[in-house]
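Numbering (UniProt numbering), first residue to last: 1 to 144.
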């Protein structure tokens, strides 16, 4: 059956057992076939459910260990503007962490690469332009 209308789920994988050592999160990865391409959808946790930033960012670290180099985030997000109603699809152009928690806090892991990234390059502008063009006229708002 389809997974939220995105495509056919070929397989569900549990986080545990995908890499050596303990996994700091609970969740699953769906291997989904979309237009003859395969994509991974990660079902994970959130700050709003009381999870730590270490738990929330663990799936991204896990994907990195599995060789994934590009990630597109799809999530329920909060908005500080009444422009968007509950259930709206929004293309984010920037983000502000209001949680008072920093995912970079803690000891440095050399294998994870650069720790303090250029904050102006967190979001890929070419990808945002492409996706924005594809979503034009489909009721998707743009948030800054």
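From the three backbone atoms N, C-alpha and C, an ideal C-beta is built for every residue, glycine too. Since this is a predicted model, take the numbers as computed values, not measurements.
Between residue 62 and residue 132, what straight-line distance do the alpha-carbon atoms span, to the nearest angstrom?
-> Taking the chain shown and counting its residues from 1, the one referred to as residue 62 is at position 62. Taking the chain shown and counting its residues from 1, the one referred to as residue 132 is at position 132. If you take the alpha carbons of residue 62 and residue 132, they lie about 28 Å apart.
Select from 37, 113 and 30 the residue whose C-alpha is nearest the C-alpha of residue 14.
-> By 1-based counting over the chain shown, the position of residue 14 is 14. For residue 14, the nearest C-alpha among the options comes from 30.
Could you tell me the boundaries of the beta strand (DSSP E) in which residue 84 lies?
-> Counting from one through the chain shown, the residue named residue 84 turns up at place 84. Where residue 84 is concerned, there is no enclosing beta strand (DSSP E), given that its DSSP letter is neither H nor E.
Assign residue 129 to buried or exposed, taking buried as 16 or more other Cβ atoms, counted over all protein chains shown, within 10 Å of its Cβ.
-> Here residue 129 corresponds to residue number 129 of the chain shown, with the count starting at 1. Flag for residue 129 reads exposed.
Nearest to residue 39 (by Cα), restricted to the options 81, 82, 52 and 12 = As a first step, residue 39 is located in the chain shown; it is residue number 39 there, counting from the start. Residue 39 has its Cα closest to that of 12, out of 81, 82, 52 and 12.
Which partner residues of residue 34 appear in the DSSP bridge assignment?
-> On the chain shown, position 34 is the one that residue 34 refers to. The partner list for residue 34 (beta bridge, DSSP) reads 37.
Residues near residue 32 by beta carbon distance below 8 Å, same chain, minus five either side = On the chain shown, residue 32 is found 32 positions in, with the first residue counted as 1. Here the set comprises 3, 6, 7, 8, 9, 10, 38, 39, 40 and 41.
Contact set for residue 1: own chain, Cβ-Cβ below 6 Å, skip 5 residues either direction = Position 1 of the chain shown holds residue 1. Legend: pLDDT at residue 1 = 41, less than 50; position of this residue unreliable, value from coordinates given subsequently. There are no such residues.
Sub-8 Å separation of residue 71 and residue 60 beta-carbons = As a working note, residue 71 is residue 71 in the chain shown. As a working note, residue 60 is residue 60 in the chain shown. Yes, Cβ-Cβ distance for residue 71 and residue 60 is below 8 Å.
By Cβ distance, which residues of its chain are closer than 8 Å to residue 43, with the 5 residues on each side in sequence left out?
-> Taking the chain shown and counting its residues from 1, the one referred to as residue 43 is at position 43. Excluding sequence neighbours, residue 43 sits near 27, 28, 29 and 30.
Residue 1 - DSSP class collapsed to helix/strand/coil = Within the chain shown, the letter at position 1 stands for residue 1. Here residue 1 scores only 41 on pLDDT, less than 50, and its place in the model should not be relied on; the value that follows carries that caveat. Coil, per DSSP.
Confirm, please, whether the CB-CB distance from residue 34 to residue 47 is below 8 Å.
-> Here residue 47 refers to the residue found at position 47 when the chain shown is read from its first residue. Here residue 34 refers to the residue found at position 34 when the chain shown is read from its first residue. No, the Cβ-Cβ distance between residue 47 and residue 34 is not below 8 Å.
Rounded to a whole number of angstroms, what is the C-alpha to C-alpha distance between residue 58 and residue 82?
-> As a position in the chain shown, residue 58 is number 58, starting the count at 1. As a position in the chain shown, residue 82 is number 82, starting the count at 1. One C-alpha to the other measures close to 32 Å.
Three-state secondary structure (DSSP) at residue 47?
-> The residue you call residue 47 lines up with position 47 of the chain shown. Looking at residue 47 - three-state DSSP - the assignment turns out to be helix.
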